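What follows is a single structure, written as structure tokens, with notes after it.
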Amino acid sequence: MKVTTSLWNMYVKVWCLWVPQICNVLLEIALHSHSIYSRCLGFFQHFKLALHYQSLQFWLVLLRDAMSKPKLSVHSSGDGLTATNVDSTLAQVDEEKRKILSFLNDDICSTILDISFQRMLKKEKLMTETALSPGILELWSDDFEGKGDFGQYRSRLFELIKFIASNKPLVAGAKVSERIIMIIKSLLNSPMPSQDLAVMESMQMALENVVISIFDGSNEFAGGSSEVHLALCRIFEGLLRELLSLNRTEPALVEVLGHYLEAMGPFLKYFADAVASVINKLFELLNSLPFIDPSTRGARHARLQICTSFIRIAKAADKSILPHMKLLRGIHSLWSPSVFQMLPGEIKAAMSMSDVEQSSLLGGGNPKLSKGALTFVDGSQFDMNKEGYIKPNEADIQNWLKGIRDSGYNVLGLSTTIGDPFFKCIDIDFVSLTLIENIQSMEFRHTRLLVHSILILLIKSCPLDMWEVWLERLLHPLFIHCQQALSCSWSSLLHEGRAKVPDNHGILTGSDLKVEVMEETLLRDLTREICSLLSTIASPGLNASLPSLEHAGHVGRVDTSSLKDLDAFASSSMVNFLLKHKSLAIPVLQISLEAFSWTDSEAVTKVCAFSAAVVLLAIFTNNVDLREYVSRDLFSAVIQGLALESNAVISADLVSLSRDIFIYLCNRDPGPWKILLSLPCISPNDLHAFEEALTKTASPKEQKQLMKSFLLLATGNNLKALAAQKCVNIITNVTDKHSIFHCSTL
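Numbering follows full-length UniProt numbering, in which position 295 of the sequence shown is assigned residue number 295; successive positions increment by one, without gaps.
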């Protein structure tokens with residue numbers, strides 16, 4: 001036996017040395033002999049990995065040559081191909097390719113696919129032999145020397161699969177479907193499906209490559225025959241039915257199934273009828289995950305995968321998935337007073353914050369496990385011995401609500417990035433009702449998520465010709481509500497020491513101090529998100545028509561004859577669009593004014609960007625209302641903002657705003673003069689001297705320094721954001737029960 005094994009190993013080594021050279025020779029003569037294909041196919045099927053590996057090179061070279069486009073160049077001289085013989089050369093090349101492809105019949109392609117599918121499994125991954133194991137095949141192992149790593153080998157198999165799928169879509173579709181369905185049936189009948197998990201995982205990328213090759217749009221599928229379309233539709237619909245029939249709830253299997261449904265995305269782009277069933281299955285998987293997970297990590301990964309699959313399917317399926325993203329109106333309505341008061345106790349309890357959400361608001365990590373505590377799929381924990389414990393069925397509802405909201409927001413937000421197809425194919429009336437109808441009943445945490453996950457992306461992606469249709473419908477109710485809610489909550493925080501937020505019934509019982517910290521954090525989070533939305537509206541990409549101050553000429557001498565109407569900037573300025581619609585402008589301008597008095601430097605930083613764009617429009621237009629707002633209200637608000645110590649980190653931006661307003665508008669509106677003269681430590685002579693000093697320098701840097709010094713003088717050195725001191729205490733995070741202060745040297 002030892003002798004036989006030794007001889008066999010020597011035989012393999014010899015063949016491994018010579019197969020690359022043999023393959024090159026075989027490739028040259030393959031066009032003339034069908035038997036050559038049979039021999040090389042035998043090598044590809046061989047149970048020894050070394051022989052199979054070398055024959056893989058042959059098939060790759062052959063298919064690349066057969067399916068690549070010829071690179072021909074036309075020369076005017078006789079050095080190369082001339083225009084007269086290009087056609088004949090192309091015809092000859094095409095004929096050679098047809099000969100190669102004629103030998104690659106369905107049987108050969110089926111065999112190549114069968115072997116490729118079986119060899120995608122690494123030996124180390126196959127823990128036990130099952131009905132799906134590749135039998136006697138010698139699988140890739142880490143000790144296979146000199147042939148690169150498994151990733152390189154598998155990528156070559158994928159390339160081979162793609163070649164066949166592009167040339168033989170029906171064969172590739174049928175074979176990959178057949179293999180996966182066999183795996184699914186084995187899983188359904190297996191008492192321990194996890195043993196076949198490695199086999200199932202190995203086929204997911206094979207399916208992905210086949211589906212992409214057929215349905216990604218670069219192939220001729222869209223223009224192919226109706227018979228081929230129908231046959232492919234039946235194949236993949238049958239496969240989809242089998243995938244949807246899997247009802248296993250093990251987190252590892254749920255995660256793999258999410259990958260499989262995700263791989264079907266390009267198919268769903270062409271067959272919209274199947275989208276609804278996939279979406280329903282994803283939600284079913286999300287809700288089926290065990291709410292008590294011994295490992296915790298497995299269910300968490302599975303849930304993340306399902307949510308990720310929502311997003312990627314939305315991107316791949318393109319317009320086909322949009323009608324089904326409507327995955328929110330009913331959820332939002334649960335928080336409206338008329339509906340909430342009629343809900344059963346289990347649902348009301350499920351609408352409260354999880355321990356994880358509360359812990360994050362308090363600035364801590366995940367809470368420690370205590371005796372008798374349950375851990376749910378989102379990491380939330382509830383102590384069965386404490387008041388506020390949520391029963392398992394209530395936890396399921398909580399997971400369901402969170403899953404629909406988070407996934408729905410993410411999918412809808414991503415869908416807006418498609419551009420025209422979204423905005424021109426979706427009914428704005430329904431979207432408005434879905435997202436905004438119950439905005440006044442939403443908690444701060446949910447409003448923040450809505451703005452972050454959907455509205456900011458929508459603002460960035462909305463085509464210019466759709467601004468009128470979409471923006472006012474969505475932003476008007478949002479800004480009206482947020483202006484009122486934020487103003488009330490900040491007033492309560494600044495004057496009473498406690499923010500009043502609508503999330504009270506969402507916060508479980510706890511110490512007053514913890515509740516106060518959570519309320520303040522919720523307020524700051526929403527404030528920053530709304531200010532981020534304003535900053536996005538003022539971004540350069542959405543305001544290309546806005547001029548810069550470089551066009552204003554000499555200091556304080558803007559040619560009034562060159563001033564334009566606001567309509568002149570309507571072509572590509574979202575800030576201008578917003579200001580022209582009073583229903584939007586009034587609440588937004590009020591938010592931007594009040595934000596300077598809110599002790600949150602991050603929010604003020606973002607508002608400064610928006611206010612700077614408003615100032616530019618006031619400088620370059622003849623709109624009286626806008627000029628008065630900037631010269632009086634905004635100028636006063638900026639100076640008041642400098643009185644807050646929390647704004648020290650952005651004092652330079654505030655000084656810059658005040659400088660721009662005074663320099664370019666003081667000769668057109670008395671507002672800046674009146675405001676400065678109202679400061680306690682200033683006289684008209686001081687103001688004249690300041691103005692004269694400004695005219696003597698054209699340096700913006702020097703002008704800002706003059707403005708800073710003048711404001712300190714005029715207020716008796718009481719502008720805390722500017723006051724010269726060694727250390728400034730800035731509240732940057734209120735989530736600890738003790739206020740956290742950071743010192744920064746000016």
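A virtual CB, placed ideally from N, CA and C, is assigned to each residue, including glycine.
If you're wondering where the values come from, they're calculated on a predicted model, not measured in any experiment.
Considering residue i, what are the terminal residues of the alpha helix (DSSP H) in which it resides?
i	result
LYS460	456-461
ASP429	428-436
GLY641	635-641
GLN483	467-496
HIS46	It is not in any alpha helix (DSSP H) - HIS46 carries neither H nor E in the DSSP assignment.
ASP107	106-118
residue 772	In this structure the chain extends from 1 to 746, so residue 772 is not present and cannot be described.
TRP673	671-677
HIS259	251-263
VAL614	601-620
HIS229	226-245
MET200	197-215
ILE537	512-537
ASN167	150-167
TYR629	Here TYR629 belongs to no alpha helix (DSSP H), and DSSP marks it neither H nor E.
GLU692	684-695
Could you pull out every residue in the same chain whose Cβ sits closer than 7 Å to the Cβ of residue i, ignoring the five residues on either side in sequence?
i	result
VAL638	PHE596, LEU654, LEU657 and SER658
SER545	PHE569, SER571, SER572 and SER573
ILE180	MET203, LEU207 and LEU239
LEU41	ILE108 and THR111
residue 749	The requested residue 749 does not occur in the structure, where the chain is confined to residues 1 to 746.
PRO477	ILE436 and ILE439
GLU262	SER309, ARG312 and ILE313
Residues in the same chain with beta-carbon distance under 6 Å from residue i, minus the five sequence neighbours each way, listed in chain order, please.
i	result
LYS122	TRP140 and PHE150
PRO547	PHE620
GLU529	ARG448, VAL451 and HIS452
ALA231	LEU170
PRO344	none
TYR260	GLN204 and LEU243
ASP512	none
Rank the options by C-alpha distance to the C-alpha of residue i and give the top, closest one.
i	options	result
ILE454	LEU414, LYS168 and ILE212	LEU414
LEU642	VAL254, VAL615, ASP600 and THR697	ASP600
PHE479	LYS696, GLY403 and ILE591	ILE591
ASN410	LYS500, GLU443 and THR308	THR308
LEU563	ILE235, ALA603, GLU443 and ASN622	ASN622
GLU628	PRO672, ILE663 and PHE310	PRO672
ASP420	HIS452, ILE459, GLU242 and ARG329	ILE459
LYS402	VAL469, LEU328 and ILE428	LEU328
ARG668	SER186, ILE586 and ARG632	ARG632
VAL431	SER359, SER245, SER441 and LEU412	LEU412
SER407	PHE444, VAL356 and ARG303	ARG303
ALA538	GLN484, VAL614, ALA693 and LEU523	VAL614
GLU550	ASP512, ASN247, TYR664 and LEU51	TYR664
THR560	VAL624, ARG524, VAL604 and CYS608	VAL624
CYS233	ALA274, LEU474, ASN189 and ASN105	ALA274
MET351	PRO266, SER245, SER441 and GLY541	SER441
LEU649	PRO266, ALA723, ARG98 and ILE331	A small fix is needed here, since residue 649 is Val in this sequence, not Leu. The candidate whose alpha carbon is nearest that of VAL649 is ALA723.
Here's a check: name, in chain order, each residue in its chain whose Cβ is nearer than 8 Å to the Cβ of residue i, leaving out the five neighbours to either side.
i	result
MET120	ARG154, LEU157, SER202, MET203, MET205 and ALA206
ALA714	LEU676, LEU679, PRO680, CYS681, ILE682 and ASP686
LYS704	ALA652, VAL655, SER656 and ARG659
LYS386	Residue placement at LYS386 cannot be trusted, given a pLDDT of 41 that sits under 50; what the coordinates show is reported in the next sentence. Closer than 8 Å at the Cβ level, and outside the excluded window around LYS386, lies no residue.
SER213	ILE161, LYS162, ALA165, SER166, PRO169, ALA172 and ASN219
THR482	The question names Thr, but residue 482 is Cys in the sequence shown. Only THR447, LEU526, ILE530, PRO587 and ILE591 meet the Cβ criterion.
TRP467	MET574 and PHE577
PRO367	The predicted position of PRO367 is uncertain, since its pLDDT is 39 and thus under 50; no value can be drawn from it.
LEU534	VAL588, ILE591, SER592, LYS606, VAL607, ALA609 and PHE610
Kindly give me the distance between the Cβ atoms of residue i and residue j, rounded to whole angstroms, as I take these residues to be in contact under 8 Å.
i	j	result
LEU486	LEU457	Not quite, the Cβ-Cβ distance comes to about 22 Å (not below 8 Å), so this is no contact.
SER492	ARG498	6 Å
ALA618	VAL630	4 Å
TRP335	ASN438	6 Å
GLU645	ALA721	6 Å
PHE310	LEU282	6 Å
THR111	GLN45	7 Å
VAL210	ILE161	6 Å
PRO251	ALA299	5 Å
Taking only heavy atoms of the ligand NAP into account, decide whether any of them is closer than 8 Å to the Cβ of residue i.
i	result
LEU665	For the structure depicted, the ligand NAP is absent and the ligand set is empty, with no information on it obtainable.
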